[in-house]
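Novice: Below you'll find the structure I mean.
Protein chains: 2
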Amino acid sequence: MRRHTRWSAWLFCPLLLCAATGRAAAQAQLPPNVVFIYADDMGYGDLGAYGARAIKTPNLDRMAAEGLRLTSFYSVSPVCTPSRAALLTGRYAARMGIANMHLSNVLTFQDSTGLPTDETTIATALRARGYATACIGKWHLGHLAPHRPLDHGFDYYYGIPYSNDMKPSMLKRMDEILEEPVQQETLTSRYTEEATRFIEQNGSRPFFLYLAHNMPHIPLFASEKFKNRSAAGAYGDVVEELDWSVGEVLVTLKRLGLDERTIVFFASDNGPWYEGSPGPLRGRKGWTYDGGVRVPGIVRWPGHVRAGRVSDEPLATIDVFPTLMALTGEPGGAALPLDGKAAAGFLLGRDASAPGNLYLFFDKEFLQTARFGRWKIHVARWNVQRYQAGAANQVNETLRTPELYDMSVDVGESYNVAASHPDVVKDLRRRIAETLRTFPEEVQKANADLLK
Amino acid sequence: MRRHTRWSAWLFCPLLLCAATGRAAAQAQLPPNVVFIYADDMGYGDLGAYGARAIKTPNLDRMAAEGLRLTSFYSVSPVCTPSRAALLTGRYAARMGIANMHLSNVLTFQDSTGLPTDETTIATALRARGYATACIGKWHLGHLAPHRPLDHGFDYYYGIPYSNDMKPSMLKRMDEILEEPVQQETLTSRYTEEATRFIEQNGSRPFFLYLAHNMPHIPLFASEKFKNRSAAGAYGDVVEELDWSVGEVLVTLKRLGLDERTIVFFASDNGPWYEGSPGPLRGRKGWTYDGGVRVPGIVRWPGHVRAGRVSDEPLATIDVFPTLMALTGEPGGAALPLDGKAAAGFLLGRDASAPGNLYLFFDKEFLQTARFGRWKIHVARWNVQRYQAGAANQVNETLRTPELYDMSVDVGESYNVAASHPDVVKDLRRRIAETLRTFPEEVQKANADLLK
Numbered sequence: 012m013r014r015h016t017r018w019s020a021w022l023f024c025p026l027l028l029c030a031a032t033g034r035a036a037a038q039a040q041l042p043p044n045v046v047f048i049y050a051d052d053m054g055y056g057d058l059g060a061y062g063a064r065a066i067k068t069p070n071l072d073r074m075a076a077e078g079l080r081l082t083s084f085y086s087v088s089p090v091c092t093p094s095r096a097a098l099l100t101g102r103y104a105a106r107m108g109i110a111n112m113h114l115s116n117v118l119t120f121q122d123s124t125g126l127p128t129d130e131t132t133i134a135t136a137l138r139a140r141g142y143a144t145a146c147i148g149k150w151h152l153g154h155l156a157p158h159r160p161l162d163h164g165f166d167y168y169y170g171i172p173y174s175n176d177m178k179p180s181m182l183k184r185m186d187e188i189l190e191e192p193v194q195q196e197t198l199t200s201r202y203t204e205e206a207t208r209f210i211e212q213n214g215s216r217p218f219f220l221y222l223a224h225n226m227p228h229i230p231l232f233a234s235e236k237f238k239n240r241s242a243a244g245a246y247g248d249v250v251e252e253l254d255w256s257v258g259e260v261l262v263t264l265k266r267l268g269l270d271e272r273t274i275v276f277f278a279s280d281n282g283p284w285y286e287g288s289p290g291p292l293r294g295r296k297g298w299t300y301d302g303g304v305r306v307p308g309i310v311r312w313p314g315h316v317r318a319g320r321v322s323d324e325p326l327a328t329i330d331v332f333p334t335l336m337a338l339t340g341e342p343g344g345a346a347l348p349l350d351g352k353a354a355a356g357f358l359l360g361r362d363a364s365a366p367g368n369l370y371l372f373f374d375k376e377f378l379q380t381a382r383f384g385r386w387k388i389h390v391a392r393w394n395v396q397r398y399q400a401g402a403a404n405q406v407n408e409t410l411r412t413p414e415l416y417d418m419s420v421d422v423g424e425s426y427n428v429a430a431s432h433p434d435v436v437k438d439l440r441r442r443i444a445e446t447l448r449t450f451p452e453e454v455q456k457a458n459a460d461l462l463k
Numbered sequence: 012m013r014r015h016t017r018w019s020a021w022l023f024c025p026l027l028l029c030a031a032t033g034r035a036a037a038q039a040q041l042p043p044n045v046v047f048i049y050a051d052d053m054g055y056g057d058l059g060a061y062g063a064r065a066i067k068t069p070n071l072d073r074m075a076a077e078g079l080r081l082t083s084f085y086s087v088s089p090v091c092t093p094s095r096a097a098l099l100t101g102r103y104a105a106r107m108g109i110a111n112m113h114l115s116n117v118l119t120f121q122d123s124t125g126l127p128t129d130e131t132t133i134a135t136a137l138r139a140r141g142y143a144t145a146c147i148g149k150w151h152l153g154h155l156a157p158h159r160p161l162d163h164g165f166d167y168y169y170g171i172p173y174s175n176d177m178k179p180s181m182l183k184r185m186d187e188i189l190e191e192p193v194q195q196e197t198l199t200s201r202y203t204e205e206a207t208r209f210i211e212q213n214g215s216r217p218f219f220l221y222l223a224h225n226m227p228h229i230p231l232f233a234s235e236k237f238k239n240r241s242a243a244g245a246y247g248d249v250v251e252e253l254d255w256s257v258g259e260v261l262v263t264l265k266r267l268g269l270d271e272r273t274i275v276f277f278a279s280d281n282g283p284w285y286e287g288s289p290g291p292l293r294g295r296k297g298w299t300y301d302g303g304v305r306v307p308g309i310v311r312w313p314g315h316v317r318a319g320r321v322s323d324e325p326l327a328t329i330d331v332f333p334t335l336m337a338l339t340g341e342p343g344g345a346a347l348p349l350d351g352k353a354a355a356g357f358l359l360g361r362d363a364s365a366p367g368n369l370y371l372f373f374d375k376e377f378l379q380t381a382r383f384g385r386w387k388i389h390v391a392r393w394n395v396q397r398y399q400a401g402a403a404n405q406v407n408e409t410l411r412t413p414e415l416y417d418m419s420v421d422v423g424e425s426y427n428v429a430a431s432h433p434d435v436v437k438d439l440r441r442r443i444a445e446t447l448r449t450f451p452e453e454v455q456k457a458n459a460d461l462l463k
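From first to last, the protein sequence lines stand for chains A and B. Read left to right, the first sequence gives residues 12 to 463 (the working numbering). Read left to right, the second sequence gives residues 12 to 463 (the working numbering).
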C-alpha cells in the first residue's frame, strides 16, 4: 500500500509527465530506473571528455554529450571503502566507525567489519519503493553477514566482494563462490553481461543497478579484444574496455526503450593510484588534494537532463542518495540524517546552482580538507617535509595551519591564499566546526583543535 | 689577438649581418650580449603564457610573444645545486662529484665543497671572448674560494651565495658582506637594480648577465608594491614581482638600443616545491617526473629568433653552453667534453628540429629517468609504495623495472607503455648505458645494473 502511494505521487509530478511520450508515457506511473556505474581508481583525466589524449572513450564522451558533465564532482574519500560507504548512504564513513576499515590485502574470514546494519543504502531505500536492485562488481563494505550487499538492500549480487588485489581472490554470485582465483581478464566483460541481463530481466519494473567495476584498480586486466589496443598501455586498454561496457549498457537501455526512463550516472571512487591521470589536479589516490577526490561525474537522462550541459558546480557522491530520493518519489528514505543534499532541481535544470553543500575529506577520522563553493581549505595538510623525510606513517602529526585555495582560478591547489582571505578561513572553520559537532565523539576528539 | 679573430668570424656571419640594422649595424662586429634570467623553484604552470590564471605575468607573456616559447624545456635536475652546475657548464653535475652536494640549511664556513675548478662555466668561456660578466643573485655552487662566482668567470657578484632559506642569511657584493640577515622583501627589486645598472654600464661591449633570482624559493617575500596584489597569495605576489623585474631588464635593453644585440633567456632551476604550479605535469621539486624538471623556457632575440614561435621540441639547460658558444663565435670554449648540444640552428629557425639530445635525470648519482624525443623512460622509478610506507630515505632501493611514457600524448606520465614498446625500451637503455659509460667510475658503480 505504502509503495502504491509513492508511485501515485510520482504520477502527478508535472515535470516528468510533460517529458513522457510514446511508450514511455504508458509506463509513466513508474519512477525512473537508476544505473550507477562506478570505476575503481579511475582518474579525473582518464576520459576523452576530460582531456585524455592517449585513451579513446567514445561511449563515455557520447554519454557526456547526451547529458551533463560535471567538472567539480567529488568522491568524499580518496580511498575505496569510505568512498563506497558515502556514495551508498549519503553519509560520511567517518560517522560509521569504519573510517579505519582498511581491509588488509589478505583477508581473514573472521574479519567481520563492514557497513553498519543501521545504515540505509540507496538499494534499501529504492527497494522499499518497489525497485529491483542489483550490485554487480566490487562491494568492499564487508564480505561477511550482516555486511554483504544482500544484507544492504540488494536482491542480487555478482562480483568480487572487495578489491581485485586482495586474497583470496574470488568471484561470487549471491553467496556462491563461482571462481577462485578470479580470471580477471574477462571480469569487465562478465560484469557487463550480468548488467545487461539484469536490465533485460527488469525492464518492466523500476530497477537500481549498481555496476561497480573492479578496474582500473591494479592488477590491470583487459579481455583479449582490448589488449594492446590503446596508446596508454594496459591501463588504457582497461579504460577502453570500461568505456565499451558503458556503451553496452546504454545500447541495452535504448534497445529496450528505457532511455528516457533511466538515469545513468558514471563516476569513480577516488583518484588514480600508480597509473592513471588526475588531469590538472594535484595529488593522487590517498591524498585529499583534488587529484585524490575529484573524479569524472556524468549524468545522462534523456528528456530530463539537458544534453551537452557542462557544469563546474561542486557536487559529490554524498548528494546522490537524497537526489535519487527526490527523483524517485518523496525526499527522505533514510533512517539516519544525511550529509548529502538533493540536487534534483539542479540536474533537471530548474535551479542554476547546485545545493552549495560543504564537502569534507578525511584521512581515517582526521579531517584534512573541505570544499565549499569556490574554496578548498586544508585544515590539516600533511606535513609534506616530514612525509618526504619518511614520516608518512605519522601523517596524523599534521600541520594545523589552514591553507586556502581558490579553485576558480587555481585548480591545481598551488597557491595558498589564506593570508589574504582571513574572513573566508574563519567562515569555513565555523562551518566545519558546526558540521563536525554532529559527528560521533571519537571523530570530534580526533579533530578537537578544529572545534575550539 | 685571439679575441679579435673570433669577433671577425662573427662579423662575417651572413645571417646576423642581414638582420643588423641602424645603430645595431654599427655594433655588428660585437657578438650578442647574453642575459640568462633564472627563477628558483618556479613551476611550469606559474606564468600566464604557460596557463596560469591566478598570476598575471604580462612581461614574461610579452617576452614569449616576441620570441620563442619552449614547452618541453628541461632543467636536468629537480634540485638547485646540480641544476645550476649543469646550466653553467653544459655538463651533468653527476660528473663532478657534487651530485651529493646537498648543502645543509645551516652552513659552516668550513664547508668547502663546490663547483670543481677544472669545470668551465659559460662566464669563463664568454669572458675569454671579451665579455663583461656578472652573476647577480643566487649562486649555490660553493660559497668559499675556489668555488665562488668570482672564481668561475664572473667579474662581478652581488647576491645571496646560496638559497634564501639557509643560514647565515647574507647578502654579498663581491667578497663583502652587505647585510646579515638579508632583508628579503627588497631582494628582487635590488637584484633588478643591480642588473639594469650592469647592463647600462656595459652596453658598449658584449656582456653576459646571469640574473639568478632567489625567489620564488621559500621563504616568500615581495616588496611593498607587490604585496597582496595577485590572486595567488604570497607566491603569486613574488612571481608578479619577478615578472616586473623581467620587464625592467627588457625596457633597459630597448632604451639602450640593445634589443637586437641581446639574447635573453628565461627559465627556472626546477619544478615548484610546496606552492607553485607544475601545470599538467606529474610531481614537483625533488622528483624526476616532469613536474620536477620541466620548466618555463623562453628565448627572446628580436630579428634573430622569430616572434611568436612555440615549440614542443625537447631542449635542456645543458644545451645552453654549446648553443651560446655557437651564437657568440666558434663552437668549443669548454675544457671538458659537454653533455649539451648546440641548438643555435634551431633557435635561429634554420633547423626545424632541436638537436635530439638524450636528457638524463639523476637523484644524487642514481639515474632515475631519461627523456629522448617523445619518450620518457623511468629506469629506477621511486618505489612509491615503499615511499608512502615511510621509506623515503631508502629511495635508492629502487625498482629497476623500466616504465615508458609517450610524452606526445601523455604529458602527465600517467600511462606506462613499456610492455607495448619493448624495442623503444631496449633502444633507450642502450643509449643510456652508452652515455653512462662516459661517467666517472662511482656513477657507473651506482648504476651498475643499467650497464649490464
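Just so it is clear, CB atoms sit at the ideal spot from N, CA and C, and this is done for glycine as well.
Since A/Ala76 meets chain B, which of its residues come closer than 9 Å, beta carbon to beta carbon?
Specialist: Here the premise fails: no neighbours, minimum Cβ distance about 22 Å.
Novice: Can you give the Cα-Cα distance for A/Phe237 and A/Ser200, rounded to whole angstroms?
Specialist: Roughly 11 Å between the two C-alpha positions.
Novice: Evaluate the contact criterion for the region 136 to 145 of chain B versus the region 355 to 369 of chain B: three or more CB pairs, one atom per stretch, below 8 Å.
Specialist: Verdict: no, contact absent.
Novice: Quick check: what's the CA-CA separation for A/Asn239 versus A/Leu253?
Specialist: The straight-line gap from Cα to Cα measures roughly 15 Å.
Novice: What separation, rounded to the nearest whole angstrom, lies between the Cα atoms of A/Leu267 and A/Phe277?
Specialist: So the two alpha carbons sit approximately 20 Å from each other.
Novice: Kindly indicate if chain B contains any beta-carbon less than 8 Å away from that of A/Ser431.
Specialist: Chain B contact via Cβ: present.
Novice: Who are the near neighbours of A/Pro160 in its chain, counting only those whose CB is closer than 6 Å to its CB and skipping five residues on each side?
Specialist: Here the set comprises Cys146, Trp150 and Tyr168.
Novice: Pick helix, strand or coil for B/Ser200, following the three-state DSSP scheme.
Specialist: It is helical.
Novice: In terms of alpha-carbon separation, which member of A/Arg448, A/His389, A/Leu220 and A/Ile388 lies closest to A/Glu205?
Specialist: It is A/Leu220.
Novice: Assign B/Gln455 to one of three DSSP states: helix, strand, or coil.
Specialist: DSSP places B/Gln455 in helix when its eight states are reduced to three.
Novice: Examine chain B for any beta-carbon lying closer than 8 Å to the beta-carbon of A/Ser288, and answer yes or no.
Specialist: Answer yes: the Cβ-Cβ gap between A/Ser288 and chain B drops below 8 Å somewhere.
Novice: Helix, strand or coil: which one does DSSP assign to A/Ala346?
Specialist: Reduced to three states, the DSSP call for A/Ala346 is coil.
Novice: Using a Cβ-Cβ cut-off of less than 7 Å, give me the residues of the region 415 to 449 of chain B that come near chain A, in sequence order.
Specialist: Correct list: Asp417, Val420, Asp421, Gly423, Ser425, Tyr426, Asn427, Val428, Ala430 and Ser431.
Novice: Below 8 Å on the Cβ atoms is my guess for B/Thr131 versus B/Phe165; work out the distance and round it to an integer in Å.
Specialist: That belief does not hold up - the Cβ atoms of B/Thr131 and B/Phe165 are roughly 13 Å apart, past 8 Å.
Novice: Can you tell me whether B/Lys437 is buried or exposed, with buried defined as 16 or more other CB within 10 angstroms of its CB?
Specialist: B/Lys437 is exposed by the Cβ-count criterion.
Novice: Tell me which same chain residues have a C-beta within less than 7 Å of the C-beta of B/Glu77, skipping the five on either side of it?
Specialist: Correct list, in chain order: Arg311, Pro313 and Ala318.
Novice: Mind pulling the beta strand (DSSP E) runs of 3 or more residues that sit fully within the region 245 to 324 of chain A?
Specialist: For the region 245 to 324 of chain A, whole beta strand (DSSP E) runs of length 3 or above, ordered along the chain, are 273 to 279, 305 to 311 and 320 to 322.
Novice: Which residues in the same chain as B/Asn70 place their Cβ atom closer than 6 Å to its Cβ, once the five residues preceding and following it in sequence are excluded?
Specialist: The answer, listed in chain order, is Asp254, Val257 and Gly258.
Novice: In this structure, does DSSP put B/Asp460 in helix, strand or coil?
Specialist: The answer is helix: DSSP assigns B/Asp460 an H, G or I state.
Novice: Beta carbons nearer than 8 Å to chain A: which residues of the region 289 to 304 of chain B have them?
Specialist: Cβ contacts with chain A come from Pro289, Gly290, Pro291 and Gly297.
Novice: Establish whether the CB of A/Ala243 and some CB of chain B are separated by less than 8 Å.
Specialist: Yes, its Cβ sits closer than 8 Å to a Cβ of chain B.
Novice: Would you mind working out which of A/Val250, A/Gly247, A/His228 and A/Thr203 sits nearest A/Leu261, comparing C-alpha positions?
Specialist: Nearest C-alpha to A/Leu261: A/Thr203.
Novice: Quick one: what's got a C-beta closer than 8 Å to B/Asp248's C-beta in the same chain, skipping five residues either side?
Specialist: Closer than 8 Å at the Cβ level, and outside the excluded window around B/Asp248, lie Leu231, Ala233, Phe237, Lys238, Asn239, Arg240 and Ser241.
Novice: Which chain A residues are close to B/Gly54, counting only those with a beta carbon under 8 Å from its beta carbon?
Specialist: What B/Gly54 touches in chain A: Ser425.
Novice: Taking only beta-carbon positions, decide if A/Pro283 is within less than 8 Å of chain B.
Specialist: With 8 Å as the cut-off, A/Pro283 counts as an interface residue toward chain B.
Novice: By the 10 Å Cβ neighbour count, where 16 or more other Cβ atoms means buried, how is B/Asn407 classified, buried or exposed?
Specialist: Summary for B/Asn407: the model assigns pLDDT 42, below 50, so the residue's position carries little reliability; its value from the coordinates is reported in the next sentence. Label assigned to B/Asn407: exposed.
Novice: At 3 residues or longer, what runs of the beta strand (DSSP E) sit wholly inside the region 153 to 208 of chain A?
Specialist: Taking only runs of at least 3 residues, the beta strand (DSSP E) segments lying wholly in the region 153 to 208 of chain A are 167 to 170, 182 to 184 and 187 to 190.
Novice: Quick one: residues in its chain with C-beta nearer than 8 Å to the C-beta of A/Leu126, no 5 flanking neighbours on either side, listed in chain order?
Specialist: Contacts found: Ala96, Leu99, Thr100, Met107, Ile109, Thr132, Leu152, Gly153, His158 and His163.
Novice: Would you please state the rounded distance, in angstroms, between the beta carbons of A/Thr299 and A/Pro89? I believe it to be under 8 Å.
Specialist: A/Thr299 to A/Pro89, Cβ: 6 Å. Contact.
Novice: Please confirm if A/Ala65 has its CB atom under 8 Å from at least one CB of chain B.
Specialist: Taking Cβ atoms only, chain B reaches closer than 8 Å to A/Ala65, which makes this a yes.
Novice: Check the Cβ of B/Gly247 against every Cβ in chain A and list those closer than 7 Å, keeping chain order.
Specialist: What B/Gly247 touches in chain A: Tyr426.
Novice: Can you name the start and end residues of the beta strand (DSSP E) that B/Lys387 belongs to?
Specialist: Trp386 to His389 is the extent of the beta strand (DSSP E) around B/Lys387.
Novice: Can you check DSSP and say which residues form a bridge with B/Arg466?
Specialist: Since the first residue shown for chain B is 12 and the last is 463, residue 466 of chain B is missing from the structure and cannot be characterised.
Novice: Is there at least one Cβ from chain B nearer than 8 Å to A/Asn239's Cβ?
Specialist: By this cut-off, A/Asn239 is an interface position.
Novice: Is A/Pro43 closer than 8 Å to A/Ile188 when the C-beta atoms are compared?
Specialist: Not closer than 8 Å, so no.
Novice: Using DSSP bridges, identify the partner residues of B/Val147.
Specialist: Note on residue identity: the sequence assigns Ile, not Val, to residue 147 of chain B. DSSP, once it has assigned bridges, lists B/Tyr169 and B/Leu222 as partnering B/Ile147.
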